[in-house]
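Numbered by this note's numbering, the letters in the sequence shown go through residues 1 to 130 in order. Beneath this line is the structure, given in structure tokens, with notes to follow.
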Amino acid sequence: PVARMHAIWTLEGLGALDAALVREKLKDLHTQVRATAIRAGETLFKAGDQTLASDVLAAIKDKDTTVAMQAVLTANHLKLPNVKALTTSLAVKADAPAGLREICTQLVAPKQSFGKEWTAAEKKLLEKGQ
Numbered sequence: 001p002v003a004r005m006h007a008i009w010t011l012e013g014l015g016a017l018d019a020a021l022v023r024e025k026l027k028d029l030h031t032q033v034r035a036t037a038i039r040a041g042e043t044l045f046k047a048g049d050q051t052l053a054s055d056v057l058a059a060i061k062d063k064d065t066t067v068a069m070q071a072v073l074t075a076n077h078l079k080l081p082n083v084k085a086l087t088t089s090l091a092v093k094a095d096a097p098a099g100l101r102e103i104c105t106q107l108v109a110p111k112q113s114f115g116k117e118w119t120a121a122e123k124k125l126l127e128k129g130q
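Written out as structure tokens, the structure is:
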């Protein structure tokens, strides 16, 4: 699995990653390979290839929490269609893993109380990073 993850990132870095390979790796037996494929696939979206949107959204329902979390984070980052509704439903789904529910809750309604600890310059940097 480590070699497969390295290969994915190497191809991504070389600009040689394609949607077909990402789809293939989304079916990999190893969860970290699937999560890596989702994350590396973000580059394709940013380059204009929107064909993986349904694959990423489907991965939100992956039985492995790591894969589901990465899919939620990627879908949110890329502002995929219906991601808000999916994230909202997962935030309140009783049988969803606690970590996934918490991530979804934060994406739907971020807690702002921590913001009082930051200076104006730090808040600006945080917003830029968002």
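We put the CB at the ideal spot given by N, CA and C, even for glycine. Because the structure is a prediction, the values reported are computed rather than measured.
- In the structure shown, the three-state DSSP call for HIS6 is helix.
- Shown here for ALA35: same chain residues with a beta carbon closer than 7 Å to its own, the five before and five after excluded, namely THR66, VAL67, GLN70 in chain order.
- Residue environment analysis places VAL92 among the exposed positions, since fewer than 16 neighbouring C-beta atoms fall within 10 angstroms of its C-beta.
- When the five nearest sequence neighbours on each side are left out, the beta carbons in the same chain lying within less than 6 Å of the beta carbon of LEU11 are those of LEU17, in order along the chain.
- Of all C-beta pairs linking the region 81–100 to the region 49–62, three or more are shorter than 8 Å, placing the two stretches in contact.
- Taking SER89 as reference, the option from ALA121, THR105, GLY48, LYS111 with the minimal CA-CA separation is THR105.
- The continuous stretches of alpha helix (DSSP H) do not include ASN82, and DSSP gives it neither H nor E.
- Around the CB of LEU73, 16 or more other CB atoms lie within 10 Å, so the residue is classed as buried.
- Secondary structure note for LYS111: it is in no alpha helix (DSSP H), with a DSSP letter that is neither H nor E.
- Comparing alpha carbon positions, the residue from LEU86, HIS77, ASP64, LYS123 closest to THR31 is ASP64.
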